[in-house]
Every structure is written in structure tokens, then in C-alpha cells.
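Student: Under the numbering used here, the first residue of the sequence shown is numbered 28, with each subsequent residue one higher. Ideal Cβ placement from N, Cα and C applies to all residues, glycine included. Here you go, one structure.
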Amino acid sequence: MTEFSARTRAANLDRLRDEAFDVLVVGGGIVGAGVARDAACRGLRTALVERGDFASGTSGKTSRLIHGGLRYLRSYRVGLVRQAVRERDLLLARAPSLVHPLPFVIPAYRGRRPGAWFLRFGLFLYDFLSRDKTVPRRLWLAADATLEREPRLSSDSLAGAGMYYDAWTDDARLVLAVVKDAAEAGACVANYTEVVELLHDGGGRGTGARLRDVIENRTFDASARIVVNATGVWLDRLRAPRGIPTIRATKGIHILLPRTKVGNRHALALTAPRDGRIVFVLPWNELALVGTTDTDFGGDADHVVPNAGDVAYLLDVVNSAFPQARVTTDDIVSAYAGLRPLLRTRRIDARESDISREHAIFEDNDGLISVAGGKLTTHRSMAEDVVDLVSARLERTTATPTKERPLGPPIRALSDFTTMGFDEASALRLQGRFAPEQVRRYLEAPRARDRIVDGLADVWVEVDVAIHEEMAMTLVDVLVRRLGLFYEARDQALGVADEVAERMAETLGWDASRVEREARLYRERVAEHRKFRENRD
Ligand SMILES: Cc1cc2nc3c(=O)[nH]c(=O)nc-3n(C[C@H](O)[C@H](O)[C@H](O)COP(=O)(O)OP(=O)(O)OC[C@H]3O[C@@H](n4cnc5c(N)ncnc54)[C@H](O)[C@@H]3O)c2cc1C
28 MTEFSARTRA ANLDRLRDEA FDVLVVGGGI VGAGVARDAA CRGLRTALVE RGDFASGTSG
88 KTSRLIHGGL RYLRSYRVGL VRQAVRERDL LLARAPSLVH PLPFVIPAYR GRRPGAWFLR
148 FGLFLYDFLS RDKTVPRRLW LAADATLERE PRLSSDSLAG AGMYYDAWTD DARLVLAVVK
208 DAAEAGACVA NYTEVVELLH DGGGRGTGAR LRDVIENRTF DASARIVVNA TGVWLDRLRA
268 PRGIPTIRAT KGIHILLPRT KVGNRHALAL TAPRDGRIVF VLPWNELALV GTTDTDFGGD
328 ADHVVPNAGD VAYLLDVVNS AFPQARVTTD DIVSAYAGLR PLLRTRRIDA RESDISREHA
388 IFEDNDGLIS VAGGKLTTHR SMAEDVVDLV SARLERTTAT PTKERPLGPP IRALSDFTTM
448 GFDEASALRL QGRFAPEQVR RYLEAPRARD RIVDGLADVW VEVDVAIHEE MAMTLVDVLV
508 RRLGLFYEAR DQALGVADEV AERMAETLGW DASRVEREAR LYRERVAEHR KFRENRD
């Protein structure tokens, strides 16, 4: 499969209307994408619909870590950590272009938690739980060795630091890779397609769903023997009304700051001075990605943005760990917020199947299977559990091949890209994202090799790949999730938004008013994510 475009989407909407599916998966976050991939790989006739763009929900707003969750060891959730580190190691092996090892420094200070010995024991256990890992083992650093590695870290009462490895990923691109692999395995996939209602037969059993093409605003019905509800924090909207909702949402925000200002060389796991929570400071190219917060959320789940209080909390963590940083709101390049789909209680009704302590699968009387909880890291094993249940309900004997199946483009030599005329930084970026053949197909396009924004490695050919091979349907899709300029450009790509929209218009056939609308929607999105600046507290 090469083409995965608006045209593919249109053809898939026809298929959704005309064909009968074994399973219809609702929600194109990491969980729905994982379920669709697993089901399609097992040979089930599979469809996946997402009402916005892939990863436009929680899965595109994470800390971008593939990790065991060292902090869960504080509460002795050893089984959970073991499962997550195993999935991390599997992803490092099967998805090497998407998931990369990341060395962490976790400092210990005298008179503060975590104490040095507690930390050393935690890191020992963390290592022990992932004995087959390929990443290096932990290391304990004395205070002076810690400061050699992180010279701008606060040295006051520093007792030393642990060094250990986890992994990082670009969350939205990981989701996209899983979606594309599902399509490769035969799944019928469409973004901007919303389930507005579930369909039932006379006996009350589910028969499929009424879908709305969000772009054309047309509704039609899709038929499926099983519907899987993987809609994250929106899970309860599709389930039959119940006294206690399944999901409780908490909000987590991140900010991106210039790394030269913060001063971190590695990824750091820091303890927040206000409440003792762990906050990450991660290297993200030239920036430091700082997060996250964790606050109860009762607002509109469709509009979640960072506020001044959230931002002040994270700036406080950075400034106390790196006293010379003195970062303020003015230093922030970008900020974003997401909602955690936490399970409200362990036992909501008798049919709940508590598969692990982090995710759960619910089966309603109409046959709807809902799945929630979990992490980006553990999506594959969650999907395996869900599709085992789907197969049982379909009376099919299947086994998942996803443990062995590669994910994402294979890593090819840097010279495959530099010989196409890209400078080294852009070639490195492309190498981590595409196969050389993908890039070569669009080299004839105007300015294909040119950078989009001065100082950043993103090149114009990426916009063409996004349209033709990544089902990018809107300007926001391209600038936020396919390229990431929303996060990394100093002006959040406002200066190039019109130009990128014009380039998309040529392929997607947009008229002038559509171009204007796309640019306006993008500007509104940026403005919404900068509101915290107006309301300093
Ligand atoms: C701040 C934060 C940081 C995190 N960091 C990490 C991390 O570093 N590593 C990690 O492993 N995990 C992390 N997590 C956890 C992880 O991100 C989530 O558990 C995971 O992304 C949830 O995925 P999901 O597919 O269930 O939800 P979502 O990604 O929200 O997907 C649900 C999708 O369903 C769609 N949808 C809703 N209703 C409908 C409908 N009617 N029709 C069609 N589509 C619909 C939505 O548009 C949405 O895209 C983090 C979470 C948060 C909040």
C-alpha cells in the first residue's frame, strides 16, 4: 500500500456503506488503532472510524514516552510495571524507527523524597523486571558525576542520581503508523467519520453504527457483527446510560521551552516541590518538553487547553531544579493539554472483566465491547485482550501475530536521503519517518527539499507525503500531528500556515474560501493554546 489519502478515505467510506464487517472499531487513538491492527492482522473483516484526525484525542497529547512507569513502583504496582517494560522492549525491537532509547537522570537530594537508597532499590527493581531488555542497565552517579552530566542541575544537598533507560516516541506518528499498518493488513479506515448512534436489531443486539462523514456532513449506516468502543474519555457517550460513568477524566498539560534556557542535557525525572509528584523534563530536538500536571477535569472534553495555573506549576518545577533557568511564560514556545481516561471504579457492573490493573474491558447487553485505561506503551497487549474477546464472540479461533510483526518504516542509511539532495539535519529527520521510496515519489514537487521554517529541519516534501500517504485532511492535521511545527516553530508556524494551506489546496482541490477557512481554524487553534499568557497568576 502506498496511497493513504483523501481518495483512499472516500473509497473507504463507500466500503463502510456497502460491506459487512466482523468488527467496527470506534476511535482512532492508540487504543482503537491497536485493536484495528490486531483484528485485521488476524484476518477479521475490520473497520476503524475516527471522528477527528487520528491521535487528535489524548493519544496525541502525551509525554511521548514508551516507559514502564517507574513511579508506579512507589505504590508497589509491580505487575503493571512488568507488563509495561515488556511492551516497551517489544516496541524498541519491532518499531525501531518510531521508538528510541532515552537515558534518564533521576536526582536524589538529602532531606527530600525520594531518598537515595529508596531510589536505588526502585531502579534495581525496574531493571530486574525487564531482564531481556536491549537498553543499558541502571547506573548510580555520585553528586559530582551527576553534575558532570547535568551541570546546571541544582547542586544544593544533591546526594547523587540514578541513570536508567526508557524510550521516547512521537505519539501522533506512532498512532498513525499503527493505523497505517491496520490498513496494510486490510482494515477499512477513515478519519473524520463519527459514530453518531449505535444500531440494533429487534432483539436489542448491536448490528453496526450510524456514521457521519464529518467533512461532507452526510450520514449513512455501517454493518458490523461486533462494535468496539475505544473512544477514550468519550467512552460513556456510546455506552447505554448508567448511574456511574465508566470514566473519570484528569487533565495533564505539557510545555515546550528552549533547551538552551532550561539547561538539561538528558531526560530528567524530577520531583515537584509543591506536591512531590514526578515531572519529566525531556529533550525534544532543541526544546525541552516539560510535563505533566494531573488535575481533576469537569469541563468540555472537546476543548482542553493549558491554563495559567497549570503552566506556573511546571515552570516552578523547572526553576527549582535548574536555578539558572529562570524561565517564565514568555519563554514558552508551545503548550498543550490532554485528558487521561481513568477508570472510575474497579467494579462497575457484574460483566466487567478486569484484565489488568490499568485497563479494563466492558461488555454491554447489546454486545458493545468498550475498552479504556492503559497507556500508549501498553496498547498492543490491550488490543490483544480485546481481540481475543471479539474472536470468542465471533466464534473464531485466532491468535495475534502483533508480537512479531514489525511496525513503521525500516531504518535505512542516511545516505539514501542525503543523495536525494537533503542537508544532513533534514535527511536525519526523514530517515526517522519515511522509507526513501516514499520521499522520492514527491521530489518533483516545487521546493521539495527546502526547509519550511528557518532553523527547523522540516522540509516541504513532508507536506506532500502527509497528503498522499498519511490521510492528512486539514491544515491542522499537517502542522500539528504530521509535522509538529505547531509545537516546535517559535511562531507555532503561523507565518507559514497560509503557504502550507495553498500547497494542500493544489492536491486536495480546495477553493479560496476553503484555504482561508483552514488558515483561520489553525490560527484559532494556536490562539486557544496561548490563552494562558493573558491570564497570569
Ligand atoms: C497528559 C498525558 C500524558 C501521557 N503520557 C503518556 C506517556 O508518555 N506514555 C504512555 O504510554 N501513555 C501516556 N499517557 C496515557 C495515554 O496517552 C492514554 O492512555 C492513551 O492515549 C489513551 O488512548 P485512547 O485511544 O483510549 O484515547 P484517545 O487517544 O482519546 O482516542 C479516542 C478517540 O476516539 C475518538 N472518538 C470519540 N468519540 C467518537 C465517536 N463517536 N466516533 C468516532 N470517534 C470518536 C476521539 O476523537 C479520539 O481520537 C498520557 C496521558 C495523558 C493525559
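Candidates E545, P428, A539: which alpha carbon is nearest V507's?
Tutor: Measuring from the Cα of V507, the nearest candidate turns out to be E545.
Student: R301 and D358: beta carbons closer than 8 angstroms?
Tutor: No, the pair does not count as a contact, with Cβ atoms beyond the cut-off.
Student: Give the range of the beta strand (DSSP E) segment to which H227 is assigned.
Tutor: Segment 220 to 227, the beta strand (DSSP E) holding H227.
Student: Give the C-beta separation of A251 and F48 to the nearest angstrom, bearing in mind that I take them to be a contact with Cβ-Cβ under 8 angstroms.
Tutor: About 4 angstroms; that satisfies the 8 angstroms criterion.
Student: Quick check: the Cα distance between N256 and R158, rounded to an integer number of angstroms?
Tutor: If you take the alpha carbons of N256 and R158, they lie about 35 angstroms apart.
Student: Should P428 be labelled buried (16 or more other beta-carbon atoms within 10 Å of its own) or exposed?
Tutor: Its Cβ having fewer than 16 others within 10 Å, P428 is exposed.
Student: So G59 is in the alpha helix (DSSP H); what residue range does that whole segment cover?
Tutor: Run containing G59: 57 to 68, per the alpha helix (DSSP H) assignment.
Student: Rounded to whole angstroms, how far is the Cβ of L434 from the Cβ of L125, which I believe are closer than 8 angstroms?
Tutor: With a Cβ gap of about 7 angstroms, L434 and L125 count as contacting.
Student: Provide the residue span of the beta strand (DSSP E) that contains W195, from first to last.
Tutor: Here the beta strand (DSSP E) through W195 covers 185 to 196.
Student: Could you tell me the boundaries of the alpha helix (DSSP H) in which H406 lies?
Tutor: Counting along the chain, the alpha helix (DSSP H) containing H406 begins and ends at 406 to 420.
Student: Please state if the CB of W261 and the CB of R91 are separated by a distance shorter than 8 angstroms.
Tutor: Not closer than 8 angstroms, so no.
Student: At what residues does the alpha helix (DSSP H) containing K278 begin and finish?
Tutor: Here K278 belongs to no alpha helix (DSSP H); instead the beta strand (DSSP E) covers 274 to 285.
Student: When the distance is taken between beta carbons, is L512 closer than 8 angstroms to D481?
Tutor: Against a cut-off of 8 angstroms, the Cβ pair of L512 and D481 comes out as no contact.
Student: Relative to the C-alpha of G149, which residue among L118, R109, T29 is closest?
Tutor: Of the listed residues, the one whose Cα sits closest to G149 is R109.
Student: Sort out for me which residues DSSP pairs N256 with in a bridge.
Tutor: Note: N256 sits in a beta bridge opposite V53, S397.
Student: Can you tell me the Cα-Cα spacing of A186 and R164, whole angstroms?
Tutor: If you take the alpha carbons of A186 and R164, they lie about 20 angstroms apart.
Student: In this structure, how does DSSP classify I242 when only helix, strand and coil are distinguished?
Tutor: Three-state result, I242: coil.
Student: If contacts are defined as beta-carbon pairs under 8 angstroms, then L265 and L395 qualify, I think. What distance do you get, rounded to the angstrom?
Tutor: About 7 angstroms; that satisfies the 8 angstroms criterion.
Student: Give the secondary structure of P436 by DSSP, where H, G and I count as helix, E and B as strand, and everything else as coil.
Tutor: P436 falls in the coil class under three-state DSSP.
Student: Check the DSSP bridge columns for S298 and list the partner residues they point to.
Tutor: The amino acid at residue 298 is misidentified as Ser; the sequence shows Thr. Paired residues: I305.
Student: From R104 to M447, what distance separates their C-alpha atoms?
Tutor: Near 49 angstroms, if we compare the C-alpha coordinates of M447 and R104.
Student: Between the Cα of I242 and the Cα atoms of N218, P141, T258, which residue gives the shortest distance?
Tutor: Checked all of N218, P141, T258; the closest Cα to I242 is N218.
Student: Let me know if A419 comes out buried or exposed under the rule of 16 or more other beta-carbons within 10 Å of its beta-carbon.
Tutor: Its Cβ having fewer than 16 others within 10 Å, A419 is exposed.
Student: State the DSSP-derived secondary structure class of V216, mapped to helix, strand or coil.
Tutor: In this structure, V216 counts as strand in the three-state DSSP scheme.
Student: At the level of alpha carbons, what is the spacing between F307 and M190?
Tutor: The straight-line gap from Cα to Cα measures roughly 14 angstroms.
Student: Starting from G336, trace the alpha helix (DSSP H) both ways and give me its first and last residue.
Tutor: Run containing G336: 335 to 348, per the alpha helix (DSSP H) assignment.
Student: Under the criterion of a Cβ to heavy atom distance below 7 angstroms, does E515 qualify as lining ligand 1?
Tutor: Checking every heavy atom of ligand 1 against the Cβ of E515, none is found closer than 7 angstroms.
Student: Would you call K88 buried or exposed, if buried means 16 or more other Cβ atoms sit within 10 Å of its Cβ?
Tutor: With 16 or more other Cβ atoms within 10 Å, it is buried.
Student: Nearest-angstrom Cα distance between I382 and E114?
Tutor: In this predicted model, I382 has a pLDDT of only 33, less than 50, meaning its place in the structure is not dependable enough to derive any value.
Student: Measure the C-alpha to C-alpha separation of N334 and K558 and round it to an integer number of angstroms.
Tutor: Computed Cα separation, rounded: 7 angstroms.
Student: Cα separation between V503 and V206?
Tutor: Roughly 18 angstroms separates the two Cα atoms.
Student: Taking 7 angstroms as the line, does the beta carbon of I93 fall inside it for any heavy atom of ligand 1?
Tutor: Because some heavy atom of ligand 1 lies under 7 angstroms away, the Cβ of I93 counts as near it: yes.
Student: Is it the case that the Cβ atoms of D443 and P463 are separated by a distance below 8 angstroms?
Tutor: Yes, these two residues count as a Cβ contact at 8 angstroms.
Student: Cα-Cα, which of R179, G318, R371, L225 is closest to G270?
Tutor: Residue R371 is the option with its Cα nearest to G270.
Student: What are the boundary residues of the alpha helix (DSSP H) that A111 is part of?
Tutor: Note, A111: alpha helix (DSSP H), 105 to 121.
Student: Please report the straight-line C-alpha distance between L201 and A440, rounded to a whole angstrom.
Tutor: The straight-line gap from Cα to Cα measures roughly 21 angstroms.
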